[in-house]
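So the sequences go chain by chain: A and B. Mapping of the first sequence onto UniProt numbering: residues 1 to 430, in sequence order. Mapping of the second sequence onto UniProt numbering: residues 1 to 430, in sequence order. For glycine and all other residues, C-beta sits at the position ideal for the given N, C-alpha and C. Predicted model, so just to flag it, every value in this text is computed and none were measured.
Protein chains: 2
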Amino acid sequence: MYFDKAETYSREEIERIQVVRLRNVVERAARSRFYAESLGGIDPADIRSVDDIRRLPLTTKNDLRASYPDGLLTVPHDQFVRLHVSSGTTGNPTAVYYTQNDLNSWADLMARCMHMIGIRPGDVFQNMSGYGLFTGGLGIHYGAERLGCLTIPSGAGNTARQIKLMKDFRTTAIHIIPSYALYFAEALTKSGIDPRRDLALRVALVGAEPHTEESRRKIEDALGIKAYNSYGLSEMNGPGVAFECLEQKGMHVWEDAYLIEILDPETLEPVKEGEIGEIVMTSLLREGMPIIRYRTRDLCRFLPGECPCGRKHRRIDRILGRADDMMILKGVNIYPMQIEQVLMAMPEVGQNYLIELDNDGHIDLMRVKVEIKEEFFIEDMRALNALRERIQTALRYEILLTPKVELVEANTLPKSEGKAKRVIDLRKQF
Amino acid sequence: MYFDKAETYSREEIERIQVVRLRNVVERAARSRFYAESLGGIDPADIRSVDDIRRLPLTTKNDLRASYPDGLLTVPHDQFVRLHVSSGTTGNPTAVYYTQNDLNSWADLMARCMHMIGIRPGDVFQNMSGYGLFTGGLGIHYGAERLGCLTIPSGAGNTARQIKLMKDFRTTAIHIIPSYALYFAEALTKSGIDPRRDLALRVALVGAEPHTEESRRKIEDALGIKAYNSYGLSEMNGPGVAFECLEQKGMHVWEDAYLIEILDPETLEPVKEGEIGEIVMTSLLREGMPIIRYRTRDLCRFLPGECPCGRKHRRIDRILGRADDMMILKGVNIYPMQIEQVLMAMPEVGQNYLIELDNDGHIDLMRVKVEIKEEFFIEDMRALNALRERIQTALRYEILLTPKVELVEANTLPKSEGKAKRVIDLRKQF
């Protein structure tokens, strides 16, 4: 039923092992140039509970860049067997080094994820993902082999060949990025293939790109499978940090291997239960390049309560955006994703919306311009006013402030190529 | 000095272990559908010497295709953890399955190759090769990790990034395909990088494409490194079948893992010492999908004598062509590569030549039309005749027949796009 013992740890066991491992991490990390300085002589013995992690300094992407390529290493160079490097579009890339033990524990964690969603030896696993420096490719590949699946390293692209492999070898499980999954489903239809009738597909790992619950359901419908969400980042090995169980209600963070905090990106204090904040992660098992309290910039929240699956590893929601997108209005943190979720849940709302921040005198205000679908944009002012008020109430409920809502006709807000610009800050600085 | 014990086996030890393993292979192979039939109840106990391999049937690419996808498997499906599939441009592709033990022994052999050319833990190994279904990518990747190098899975292409990785991480060893190596060296020059001054490169594994000794020297000069030739094929795992030692005088075949024969492609009898024939291979360690006496279609010859390095594993030459290119003339096997080598060694000969097979009455004859460089195509009939005779003599010495040689002016023979058509058979069948 379970892949390993750690999967069924109680909260007490998890926290006990976290304290022991955190102490080891602090001790080990101090051997690196970067942490020798930034830890400033903190004594590992001072770590007596999980909360003592707050005595340790945070680590940022800039810290990693500044110590590029090897300022975080704790063992001699000849003990490393793998290196992944981020693309580094701005400034220095970041480099992540792995010892053989790091590769082993990473593969174990990834195998645990796959086992959790019912993948077993005998399953045929097609890894439809790029390999090379992208940790999602080799990371999931090693996990699949560790688990004992028949692993087909089919790589990204070449759709016709992917389909042939899937038919010939009766592939049961795949790893695929969400945007390619929908394209792939269309290609199947065009080839006259009904996945439920002609294929043996049962389950998919989808990750690497943020995607909505709706996209997941579309992928599941189109391919006749169950799709499970994955979270990871190279600084914490890669995939295998958090993963959905069969319940599909949030991703369990493997807390025996990663210590997770969710902090207010401004105050750097823990957010209240269930509130949104920035994921901050500490790797508890990485021996060659431990990273302490890494600010991921990913926004998320813990899901409350226990998972019906019985596992005690806490669950996080889908990634809700990037910390860099956060707005502060009257001292309240607001994320565009919160507003988007409220708007998109309303059938009357169209494709586009715009958030304007302004100040009237010295008081901040938020204006939300919302496109309304043609069929709802009728000449009945009373109905429109009622809709406007419903939207306002729903937004206030979510963001705890009352924005000024304006309804506009479909296709009147400026469209942008690529990633839409949803927030305009018109506030004057005083 | 040596990676493992098998590397220094004496001939007696090699042959003793070959017999034991060959017996195991026969026993194991008989559990597959294909060999249950084709071995026809051969008793493993009948294998008493290496030469008894000749009692076993040959296996062809067509046999593999006909048993696609799983007719050669000897253990249940759930014991396999990897699958590689050839591209299969014509008809069914071929599928090669690996158990965890198969992956382990493959990685060991590949690590042995890299160790032989002086690569060690502490070396930074950049794997500049495609990953995915191509066995050269993951095969060499696993070998490098097994050996304990810092392995950078940089993948194919993206030259600017390859250069940045090479500089930032002081890469000492690379795997690169020969045609990309020369392109890459040019890119370095264009970026103002002198590999001897600015990089730490020391050694390259080059394989996957046949290339000449001259190309190797060019790669070595351009990158300031030593380049070592590699031989392998997916049916025998992938790379790691044969590899050059520091002497660079032919590739040692790892005979504890592969039993190699070189056979006349027509008679299927062993060729004489040093003669060219088709490589026929038996995998001695593969447990999940053993292949017996596989006709590779690759033409090669054993190199005579002992290697100065002291290893007793026999050496083969560079791959000299494909068996499908063989011509039979008056009962003699002739390979276009032999003629090309003779012609290209002569400074007067231009880019193009054409081999015509014809029969005059019932007697086969070969006509070789040779383009002569402009500066040598002078009006001095005596000089031209002397040249023609020199070519004829050199060819007779190589192929043991006297062809009719015709000298023609440069750019008069038909040019073909892509792979040149060098042989035209005008013989009438009787």
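Following the continuous beta strand (DSSP E) through residue i, name the residue where it begins and the one where it ends.
{"i": "residue 408 of chain A", "result": "404–409"}
{"i": "residue 490 of chain B", "result": "Residue 490 of chain B is absent from the model: chain B starts at 1 and stops at 430."}
{"i": "residue 333 of chain B", "result": "332–334"}
{"i": "residue 369 of chain A", "result": "363–372"}
{"i": "residue 424 of chain B", "result": "423–425"}
Provide the residue(s) that pair with residue i in DSSP beta bridges, ordered along the chain.
{"i": "residue 152 of chain B", "result": "B:126"}
{"i": "residue 181 of chain B", "result": "Bridge partners of residue 181 of chain B: none, in fact."}
{"i": "residue 300 of chain A", "result": "A:277"}
{"i": "residue 322 of chain A", "result": "A:298"}
{"i": "residue 378 of chain B", "result": "According to DSSP, residue 378 of chain B bridges with nothing at all."}
{"i": "residue 329 of chain A", "result": "A:332"}
{"i": "residue 316 of chain A", "result": "A:251, A:302"}
{"i": "residue 355 of chain A", "result": "A:368, A:423"}
{"i": "residue 349 of chain A", "result": "A:372"}
{"i": "residue 175 of chain B", "result": "B:127, B:205"}
{"i": "residue 360 of chain B", "result": "B:363"}
{"i": "residue 270 of chain B", "result": "B:263"}
Below 8 Å on C-beta distance, what does residue i contact in chain A?
{"i": "residue 154 of chain B", "result": "132, 133"}
{"i": "residue 184 of chain B", "result": "Simply none; closest approach about 16 Å."}
First and last residue of the alpha helix (DSSP H) that includes residue i?
{"i": "residue 283 of chain B", "result": "From DSSP, residue 283 of chain B is part of no alpha helix (DSSP H) but of the beta strand (DSSP E) over 277–283."}
{"i": "residue 34 of chain A", "result": "33–38"}
{"i": "residue 50 of chain B", "result": "Here residue 50 of chain B belongs to no alpha helix (DSSP H), and DSSP marks it neither H nor E."}
{"i": "residue 14 of chain B", "result": "11–29"}
{"i": "residue 166 of chain A", "result": "159–168"}
{"i": "residue 195 of chain A", "result": "195–198"}
Take the Cβ of residue i as the centre, count every other Cβ of all protein chains shown within 10 Å, and call the residue buried at 16 or more, exposed below.
{"i": "residue 476 of chain B", "result": "Since the first residue shown for chain B is 1 and the last is 430, residue 476 of chain B is missing from the structure and cannot be characterised."}
{"i": "residue 209 of chain A", "result": "exposed"}
{"i": "residue 351 of chain B", "result": "exposed"}
{"i": "residue 355 of chain B", "result": "buried"}
{"i": "residue 10 of chain A", "result": "exposed"}
{"i": "residue 191 of chain A", "result": "exposed"}
{"i": "residue 261 of chain B", "result": "buried"}
{"i": "residue 379 of chain A", "result": "exposed"}
{"i": "residue 313 of chain A", "result": "buried"}
{"i": "residue 332 of chain A", "result": "exposed"}
{"i": "residue 274 of chain B", "result": "exposed"}
{"i": "residue 180 of chain B", "result": "buried"}
{"i": "residue 183 of chain A", "result": "exposed"}
{"i": "residue 414 of chain A", "result": "exposed"}
{"i": "residue 290 of chain B", "result": "buried"}
{"i": "residue 107 of chain A", "result": "buried"}
Following a CB-centred definition, is residue i positioned closer than 7 Å to any heavy atom of the ligand PLP?
{"i": "residue 46 of chain A", "result": "For the ligand PLP, the structure offers nothing, since it holds no ligand at all."}
Determine the chain B residues that contact residue i at a beta-carbon separation under 7 Å, and present them in chain order.
{"i": "residue 85 of chain A", "result": "165"}
{"i": "residue 145 of chain A", "result": "81, 82"}
{"i": "residue 121 of chain A", "result": "78"}
{"i": "residue 138 of chain A", "result": "153"}
In chain B, which residues lie less than 9 Å from residue i when you measure between Cβ atoms?
{"i": "residue 476 of chain A", "result": "Residue 476 of chain A is absent from the model: chain A starts at 1 and stops at 430."}
{"i": "residue 159 of chain A", "result": "By Cβ distance, chain B contributes nothing, its closest Cβ being about 14 Å from residue 159 of chain A, past 9 Å."}
{"i": "residue 384 of chain A", "result": "Simply none; closest approach about 53 Å."}
Could you list which residues in chain A have their beta carbon closer than 9 Å to that of residue i, in chain order?
{"i": "residue 4 of chain B", "result": "The contacting residues do not exist; residue 4 of chain B stays about 18 Å from chain A at best."}
Residues of chain B with CB closer than 8 Å to the CB of residue i, please, in chain order.
{"i": "residue 149 of chain A", "result": "81"}
Query raised in the report: Residue ranges of each beta strand (DSSP E) run of no fewer than 3 residues wholly in the segment 55–137 of chain B, ordered along the chain?
Result: 80–85, 95–99, 124–127
Requested in this report: Note down, one range per segment and in chain order, each beta strand (DSSP E) of at least 3 residues found wholly within the segment 204–268 of chain A.
Outcome: 226–233, 238–244, 251–253, 258–263
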